[in-house]
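Trainee: Protein chains in written order, with numbering that gives the first Met the number 0: chain A, 0 to 275; chain B, 0 to 289.
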Amino acid sequence: MARRVTPARKATVTAAAWALGLLIFFPILWTILTSFKSEGDAVAIPPKFLFFHWTLENYAVVNQRSDYLLHFWNSVVISFGSTFAGLLIAIPAAWAMAFVPGRKTKDVLMWMLSTKMMPSVGVLVPIYLLFRNTGLLDTRIGLVIILTLIDLPIIVWMLYTYFKEIPGEILEAARMDGAGLRDEIIHVLTPMAVPGIASTLLLNVILAWNEAFWTLNLTAAKAAPLTAFIASYSSPEGLFYAKLSAASTMAIAPILILGWFSQKQLVRGLTFGAVK
Amino acid sequence: MATQHSRSAARLMISPAVLLLLGWMIVPLAMTVWFSFLNYNLLQPGPRTFAGFSNYYYFLTDPAFFTAIWNTLVLVLGVLAITTVGGVLLALLLDQPMWGQGIVRILVIAPFFVMPTVSALVWKNMFMNPVNGIFAWIAEALGLQPFDFLSQAPLFSIILIVAWQWLPFATLILLTALQSLDSEQMEAAEMDGASALARFVYITIPHLTRSITVVILIQTIFLLGVFAEILVTTNGGPGTASTNLTYLVYGQSLLQYDVGGGSAGGIVAVILANIVAIFLMRMIGKNLEN
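(1) Just confirm the distance between the C-beta atoms of residue 120 of chain A and residue 248 of chain B, as a whole number of angstroms; I'd bet it's less than 8 angstroms.
(2) May I have a chain-ordered list of the alpha helix (DSSP H) segments no shorter than 4 residues that lie completely inside the segment 170-245 of chain B?
(3) Exposed or buried, what is residue 208 of chain B when buried is set at 16 or more other beta-carbons lying within 10 Å of its beta-carbon?
(4) Using C-beta distances below 7 angstroms, list every residue in its chain close to residue 51 of chain A, excluding the 5 sequence neighbours before and after it, in chain order.
(5) Check whether chain B comes within 8 angstroms of residue 208 of chain A, counting only Cβ atoms and requiring the distance to be less than that.
(6) Can you tell me which of the three DSSP states residue 37 of chain B falls into?
(7) Whose Cβ in chain A lies nearer than 8 angstroms to the Cβ of residue 24 of chain B?
(8) For residue 162 of chain A, which of helix, strand or coil comes out of DSSP?
(9) Report the residue from B:178, B:283, B:61, B:169 whose alpha carbon sits nearest the alpha carbon of residue 215 of chain B.
(10) Is the beta carbon of residue 145 of chain B closer than 8 angstroms to that of residue 23 of chain A?
(11) Taking just the CA atoms, how far does residue 100 of chain A sit from residue 0 of chain B?
(12) Output the distance between the C-alpha atoms of residue 115 of chain A and residue 6 of chain A, rounded to the nearest integer angstrom.
(13) Would you mind sorting residue 132 of chain A into buried or exposed? The rule is 16 or more other CB atoms within 10 Å of its CB.
(14) Using the beta-carbon count (16 or more within 10 Å), is residue 210 of chain A buried or exposed?
(15) Could you please tell me which residues of the segment 238-251 of chain B, in chain order, have their CB closer than 8 angstroms to any CB of chain A?
(16) May I have a chain-ordered list of the beta strand (DSSP E) segments no shorter than 3 residues that lie completely inside the segment 169-230 of chain A?
(17) Kindly indicate the opening and closing residues of the alpha helix (DSSP H) around residue 56 of chain B.
(18) For residue 0 of chain A, which of helix, strand or coil comes out of DSSP?
(19) Determine the burial state of residue 18 of chain A: buried for a count of at least 16 other Cβ atoms within 10 Å of its Cβ, exposed for fewer.
(20) Under the rule that 16 or more other beta-carbon atoms within 10 Å means buried, what is residue 140 of chain B, buried or exposed?
(21) Bridge partners of residue 257 of chain B, per DSSP?
(22) Kindly say whether residue 29 of chain A, judged by its beta-carbon, lies nearer than 8 angstroms to any beta-carbon of chain B.
(23) Relative to the C-alpha of residue 128 of chain A, which residue among A:141, A:117, A:118 is closest?
(24) Measuring only between beta-carbons, confirm whether residue 240 of chain A sits less than 8 angstroms from chain B.
(25) Could you list the residues in the segment 17-51 of chain A with a C-beta less than 7 angstroms from some C-beta on chain B, going in chain order?
(26) Is it the case that the Cβ atoms of residue 240 of chain B and residue 173 of chain B are separated by a distance below 8 angstroms?
(27) Quickly, what does DSSP pair residue 49 of chain B with across the bridge? List them, please.
(28) Using a Cβ cut-off of 7 angstroms, pull out every chain B residue sitting near residue 198 of chain A, in sequence order please.
(29) Is residue 127 of chain A close to chain B? Criterion is C-beta to C-beta, closer than 8 angstroms.
(30) I want to verify the contact list: residues of chain A whose CB lies under 9 angstroms from the CB of residue 226 of chain B, in sequence order.
(31) Taking the C-alpha atoms as reference points, what is the distance between residue 0 of chain A and residue 180 of chain B?
(32) Of the residues that make up the segment 130-149 of chain B, which ones have a beta carbon closer than 9 angstroms to any beta carbon in chain A?
(33) Could you tell me if residue 106 of chain A is buried or exposed, where buried requires 16 or more neighbouring beta carbons within 10 angstroms of its beta carbon?
(34) Using a Cβ-Cβ cutoff of less than 7 angstroms, which residues in the same chain neighbour residue 13 of chain B once the five nearest sequence positions on both sides are dropped?
(35) Give the range of the alpha helix (DSSP H) segment to which residue 66 of chain A is assigned.
(36) Measure how close the beta-carbons of residue 29 of chain A and residue 125 of chain B come, nearest whole angstrom, since I'm counting them as under 8 angstroms.
The following block contains the structure:
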């Protein structure tokens, strides 16, 4: 590993990487900055980068005017609800497939994955009509159901790849020491499985939080999560840049922070273990 | 080690997931197939009659269909080109020794976590707007005419927005793959006098091939379904200039209330997606063997 790097080269690489990194990050940075401007400063040409009158007014206005908290809460309920429901169904399945693999296990896994390949728009009409006829349109529970189903394959897969890495010898050792099935699960497997479950939870909350096909098509005023709420700014109202920015910043901040903690899991989860 | 007893317990543990997904696969899809053969419009009361293949006929011969297929292709291939080439270059850069690598990584990955509606609206208003956008300001500063991105080059603009969202994904995966590259092999090649270019072509690229394939396939699945970015920026327009297949089916079903036609379009989308999916499944399946 001892490859020598000249300081000059390292400095060049650092400068280039930082420049590109900031360029890619700039739209987010700009949104955050704009959220603290007055509407006048927000559309000023030339743009005001740092030297403007900083204000929290937009946040106050967004919170008052548009039931922001309701939509935020909808996002929380829908993303966490669907993730927990998915985990509840997926943990036993992934567990069984990892520790008691049968001849068909691989086929079942591949088949589950194939359900993920179905484009949502292929079932838009029946789901919309079913929801309309059962009163599930614009309800949080309806979205929890849909997102649970579409995320279930990813959850099973992620858990499977994690559980698969728990060495079977540990179970045998525990058994030799006279542990029963109950002890085995509580004292041996659970502690080893928790990190994998936590990573899966994290990634799925992120995916569900940002899901923008079903949330846009199946909700209106009541159950709309932040994705749909922000979309309502695409009307002329969107010309209020500072308020759009404040609403956007609040919508992406929690997930940005969660996301930064989940970089590794992201690779693994989204490539179904094909890249680690 | 697996006894008969644990086998049946395992089956019991797997069955809820399997049954749910089986229902999710079969019920709505069967309904879509069924609707696609009916004359069924929510605005026209009265009996729904059997339509044969006429929904498919109308959907497939509609000029909008060809535009949508073309737009879908351009969108998917455009974003793939930008993200894979850009991703490889960025990953190579980020893999070099530097100061503050962790922070740069965070900056680069961030756009992936921004919800599609937010990124589309931020780009639309604060960057691409011909009056108040940053791009207009840059153009004016350079003495050029401001360019109205979303009405003059709607598809290109959407490609730009979607590529910005997916570049981090490609970069992150390729960087992960690069970091698993055997450094001893590199050093051996270096000692044998292989040039930087030769090392890149004969060691790095072959090592990355599999990850690049994975990136392309997974992105394709998601890119075929791009929807929110179009909805909040152009509504598929002007005309059908930025309508992709997903948006076309959405319009047919939920804007024109044509359940039959929308369903036929949905089935066409499913078939197209499946063609891609077959390749992806083979890749992942092969990986499962190892």
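Beta carbons: idealized from backbone N, C-alpha and C, even for Gly.
On a predicted model such as this, the values are computed, not experimentally measured, just so you know.
Mentor: From the atom records:
(1) The residue given as residue 120 of chain A occupies position 121 in the first sequence. The residue given as residue 248 of chain B occupies position 249 in the second sequence. The pair is a contact, with the Cβ atoms about 5 angstroms apart (cut-off 8 angstroms).
(2) 182-190, 195-198, 204-222, 227-232
(3) Counting from 1 along the second sequence, the entry for residue 208 of chain B is found at position 209. Label assigned to residue 208 of chain B: exposed.
(4) To locate residue 51 of chain A, count along the first sequence from 1; it is residue 52. Correct list, in chain order: 36, 40.
(5) In the first sequence, counting from the first residue as 1, residue 208 of chain A sits at position 209. By this cut-off, residue 208 of chain A is an interface position.
(6) For the purposes of this step, residue 37 of chain B is taken as the residue at position 38 of the second sequence. Looking at residue 37 of chain B - three-state DSSP - the assignment turns out to be strand.
(7) Numbered from 1 along the second sequence, position 25 holds the residue referred to as residue 24 of chain B. Result: 114, 117.
(8) If you number the first sequence from 1, residue 162 of chain A lands on position 163. Residue 162 of chain A: helix per DSSP, three-state reduction.
(9) Reading the second sequence from its first residue, position 216 is the one you call residue 215 of chain B. When each option's Cα is compared against that of residue 215 of chain B, the closest is B:169.
(10) For the purposes of this step, residue 23 of chain A is taken as the residue at position 24 of the first sequence. For the purposes of this step, residue 145 of chain B is taken as the residue at position 146 of the second sequence. For residue 23 of chain A and residue 145 of chain B, no; Cβs fall outside 8 angstroms.
(11) One-based indexing of the second sequence puts residue 0 of chain B at position 1. One-based indexing of the first sequence puts residue 100 of chain A at position 101. Any reading at residue 0 of chain B must be qualified, since the residue scores a pLDDT of 49, below 50, and its modelled position is unreliable; the value itself is stated next. If I take the Cα positions, the gap works out to 11 angstroms.
(12) Start at 1 with the first residue of the first sequence, and residue 115 of chain A comes out as number 116. Start at 1 with the first residue of the first sequence, and residue 6 of chain A comes out as number 7. C-alpha separation (whole angstroms): 48 angstroms.
(13) Within the first sequence, residue 132 of chain A is the residue found at index 133, counting from 1. It counts as exposed.
(14) Numbered from its first residue, the first sequence carries residue 210 of chain A at position 211. That one is buried.
(15) 244, 245, 248, 249
(16) none
(17) Here residue 56 of chain B refers to the residue found at position 57 when the second sequence is read from its first residue. Note, residue 56 of chain B: alpha helix (DSSP H), 53-60.
(18) Against the first sequence, residue 0 of chain A aligns to sequence position 1. For residue 0 of chain A, the predicted structure reports a pLDDT of 42, less than 50, and the residue's modelled location is therefore unreliable. A value from the coordinates is still provided. Residue 0 of chain A: coil per DSSP, three-state reduction.
(19) Residue mapping note: residue 18 of chain A aligns to position 19 of the first sequence, counting from 1. With fewer than 16 Cβ atoms within 10 Å of its Cβ, residue 18 of chain A is classed as exposed.
(20) Counting from one through the second sequence, the residue named residue 140 of chain B turns up at place 141. Per the 10 Å Cβ criterion, exposed.
(21) In the second sequence, the residue the question calls residue 257 of chain B occupies position 258. Note: residue 257 of chain B sits in a beta bridge opposite B:40.
(22) The residue given as residue 29 of chain A occupies position 30 in the first sequence. Yes, contact with chain B.
(23) Within the first sequence, the letter at position 129 stands for residue 128 of chain A. Closest by alpha carbon: A:141.
(24) Locating residue 240 of chain A in the first sequence gives position 241, where the first residue counts as 1. Closer than 8 angstroms to some Cβ of chain B, the Cβ of residue 240 of chain A qualifies, so yes.
(25) 17, 19, 20, 21, 23, 24, 26, 27, 29, 30, 33, 42, 44, 45, 46
(26) Counting from one through the second sequence, the residue named residue 240 of chain B turns up at place 241. Counting from one through the second sequence, the residue named residue 173 of chain B turns up at place 174. No, these two residues do not count as a Cβ contact at 8 angstroms.
(27) Here residue 49 of chain B refers to the residue found at position 50 when the second sequence is read from its first residue. DSSP, once it has assigned bridges, lists B:37 as partnering residue 49 of chain B.
(28) Working through the first sequence from its first residue, we reach residue 198 of chain A at position 199. Ordered by position in chain B, no residue passes the 7 angstroms Cβ test against residue 198 of chain A, which lies about 15 angstroms from the chain.
(29) Numbered from its first residue, the first sequence carries residue 127 of chain A at position 128. Interface residue, yes.
(30) As a working mapping, residue 226 of chain B is identified with position 227 in the second sequence. The contacting residues are 119, 120, 211, 212, 215, 216.
(31) In the first sequence, counting from the first residue as 1, residue 0 of chain A sits at position 1. In the second sequence, counting from the first residue as 1, residue 180 of chain B sits at position 181. In this prediction, residue 0 of chain A has a pLDDT of 42, which is less than 50 and means its spatial position is unreliable; nothing more can be read from the coordinates.
(32) 130, 131, 133, 135, 136, 139, 140
(33) Here residue 106 of chain A refers to the residue found at position 107 when the first sequence is read from its first residue. Exposed, since its Cβ has fewer than 16 Cβ neighbours within 10 Å.
(34) For the purposes of this step, residue 13 of chain B is identified with residue 14 of the second sequence, where counting begins at 1. The answer is none, since no qualifying residue turns up.
(35) Numbered from its first residue, the first sequence carries residue 66 of chain A at position 67. Where residue 66 of chain A is concerned, there is no enclosing alpha helix (DSSP H), given that its DSSP letter is neither H nor E.
(36) Walking along the first sequence from the start, residue 29 of chain A turns up at place 30. Walking along the second sequence from the start, residue 125 of chain B turns up at place 126. 6 angstroms between Cβ atoms; contact.
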